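Numbering-wise, our numbering comes out as the position in the sequence shown, counting from 1, plus 2.
Heads up, the thing below is written out as structure tokens.
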Amino acid sequence: MAISEAYSGTASISTTEFSCPNNSTTLTPVTADGVYQMFLDTSDMVEGDQLQIRIYEKCRSADTQRIIYEYVLTDTMAATWVTPSLILLHGWDFTLDALAGTITVNWSIRKVA
3 MAISEAYSGT ASISTTEFSC PNNSTTLTPV TADGVYQMFL DTSDMVEGDQ
53 LQIRIYEKCR SADTQRIIYE YVLTDTMAAT WVTPSLILLH GWDFTLDALA
103 GTITVNWSIR KVA
């Protein structure tokens, strides 16, 4: 099985939900099957910042995309933040949204498949 960096980038996250794999505020389900893991460099976060991370997926291919994981990081974050590895198939997305502050985030989504 090959391991690759399927998606990566840098984004200035404010109050509009940002789709990392689409590199856009347009939320479009991704249908490339695989085992994925997201890495976030959150070192730009300062006291008072809040970064919301959401992972979406469909239960079945014809179903509605829903949130399967949601995390909120708060204040200064020195370490790189990492999701668990997830088997994603039907219509997934990794999104970021600043609930407080504007946060510049370097991100990478790695794939095993």
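Ideal Cβ positions, reconstructed from N, Cα and C, are used throughout, including at glycine.
Owing to the predicted nature of the structure, the values given are computational and were not obtained by experimental measurement.
- As the crow flies, the alpha-carbon of Thr12 is around 32 Å from that of Ala64.
- Spatial neighbours of Gly36 in its own chain (CB-CB distance under 6 Å, excluding positions within 5 residues in sequence) are listed in chain order as Lys113 and Ala115.
- For Thr76, the closest C-alpha among the options His92, Asp51 and Arg56 is that of Asp51.
- Ranked by how close their Cα comes to the Cα of Met3, the residues Ser16, Thr66, Tyr38 and Ala81 have Tyr38 in first place.
- Between Thr28 and Thr18, the C-beta gap is not smaller than 8 Å, which leaves the two residues out of contact.
- In this structure, Trp109 lies near Cys22, with their beta-carbon atoms less than 8 Å apart.
- Each of Glu49, Ser16, Lys60 and Asp43 was checked against the Cα of Tyr71, and the nearest Cα belongs to Lys60.
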